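Structure, as structure tokens:
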Amino acid sequence: MSHEQWTAVDRYFTDLLVPSDPALDAALEANAAAGLPPIDVTPNQGKLLHLLARIQGARTILEIGTLGGYSTIWLARALPAGGRLITLESAPKHAEVARANIERAGLSDIVEIRLGQALDTLSQLDAEEQGPFDLIFIDADKPNNPEYFKWALKLSRRGTMIIADNVVRKGVVIDEASTDPNIQGIRRFNELLAAEPRVSATAIQTVGSKGYDGFAIILVTESNDSLS
Ligand code: SAH
Ligand code: DHB
Ligand code: MG
Numbered sequence: 227m228s229h230e231q232w233t234a235v236d237r238y239f240t241d242l243l244v245p246s247d248p249a250l251d252a253a254l255e256a257n258a259a260a261g262l263p264p265i266d267v268t269p270n271q272g273k274l275l276h277l278l279a280r281i282q283g284a285r286t287i288l289e290i291g292t293l294g295g296y297s298t299i300w301l302a303r304a305l306p307a308g309g310r311l312i313t314l315e316s317a318p319k320h321a322e323v324a325r326a327n328i329e330r331a332g333l334s335d336i337v338e339i340r341l342g343q344a345l346d347t348l349s350q351l352d353a354e355e356q357g358p359f360d361l362i363f364i365d366a367d368k369p370n371n372p373e374y375f376k377w378a379l380k381l382s383r384r385g386t387m388i389i390a391d392n393v394v395r396k397g398v399v400i401d402e403a404s405t406d407p408n409i410q411g412i413r414r415f416n417e418l419l420a421a422e423p424r425v426s427a428t429a430i431q432t433v434g435s436k437g438y439d440g441f442a443i444i445l446v447t448e449s450n451d452s453l454s
């Protein structure tokens with residue numbers, strides 16, 4: 227099986243099930259024009275996030291890692307009237323491109339972009355008592371994934387869904403001797419999930435136009451009152 231084939235199958239499903247959309251297409255074009263790395267979720271992955279948010283009945287969403295706001299738009303469109311999404315980004319240029327993309331999608335009133343290191347903005351959100359969130363998407367710098375998971379739990383309630391992107395990394399995740407800080411971060415994150423009695427989690431490998439990677443899906447099973 228080749229990357230070419232995975233891409234062709236992604237195109238097949240996307241053509242059938244993920245109608246092209248002016249605001250999402252324009253976001254990807256604006257990202258490319260601004261020189262952002264093309265590491266957004268794919269269209270069919272974006273729709274998966276959207277469907278999961280709807281299945282969850284999410285009214286409040288937290289995203290860690292905005293880039294140009296492509297996944298943000300998919301997630302924000304799953305919110306009911308009165309819903310809100312906060313997305314965290316450290317690169318001013320990424321946040322600026324995302325702001326324009328989100329504005330073009332008509333989502334500026336629903337989406338708040340917080341500029342800064344996520345470890346700082348997460349601590350701010352906690353201090354402001356912005357949680358608990360119904361759904362949290364972790365997709366920023368992978369070495370900090372263990373810390374992001376701890377914060378996500380803190381900003382959760384019983385029933386919160388936490389999703390993490392890029393937990394497979396071409397399969398390198400199983401290399402316990404890897405010195406790559408991304409792999410070490412993801413492995414430590416996976417170990418935290420395994421050891422955490424307040425969640426139930428799984429991970430799924432994916433192939434597609436973005437190559438071979440995967441998602442972790444985590445359900446918080448105990449209320450935050452017992453989280454301490
Ligand atoms: N969720 C996006 C992709 C995010 S890419 C999508 O699918 O469309 C990861 C993003 O995390 C990048 O924009 C990067 O600048 C940002 N990032 C990296 N380190 C960060 C940090 N410490 N705090 C906040 N954002 C960070
Ligand atoms: C990278 C980051 C991502 O969030 C992703 O989906 C793919 C690649 C990266 O940093 O290489
Ligand atoms: Mg990602």
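Just so we're aligned, residue 227 is where the sequence shown starts under the working numbering, counting upward by one. The beta carbon of each residue, even a glycine, is placed where N, CA and C say it ideally should be. Computed from a predicted structure; not experimentally measured.
Looking at the secondary structure, which residues open and close the beta strand (DSSP E) in which residue i lies?
i	result
Glu315	Arg310 to Glu315
Ile444	Gly437 to Val446
Ser426	Val425 to Gly434
Arg340	Val337 to Leu341
Are the beta-carbon atoms belonging to residue i and residue j less than 8 Å from one another?
i	j	result
Ile443	Thr432	no
Val394	Asp439	yes
Ala252	Arg330	yes
Ala324	Ala304	no
Ala302	Leu333	yes
Asp352	Lys376	no
Is it buried or exposed for residue i, if we count other Cβ within 10 angstroms and need 16 for buried?
i	result
Glu315	buried
Ile388	buried
Gly434	buried
His229	exposed
Pro358	buried
Leu288	buried
Ser382	buried
Gln350	exposed
Leu277	exposed
Ser457	There is simply no residue 457 to check, as the chain begins at 227 and stops at 454 in what is shown.
Is residue i near the ligand SAH - that is, is its Cβ less than 7 Å away from at least one heavy atom of it?
i	result
Gln410	no
Glu315	yes
Ser297	yes
Gln174	Nothing can be reported for residue 174: it is not among the residues displayed for the chain, which extend from 227 to 454.
When you measure from the CB of residue i to every non-hydrogen atom of the ligand DHB, does any distance come out below 7 Å?
i	result
Ile389	no
Asp365	yes
So is the beta-carbon of residue i under 7 Å away from any non-hydrogen atom of the ligand MG?
i	result
Asn371	no
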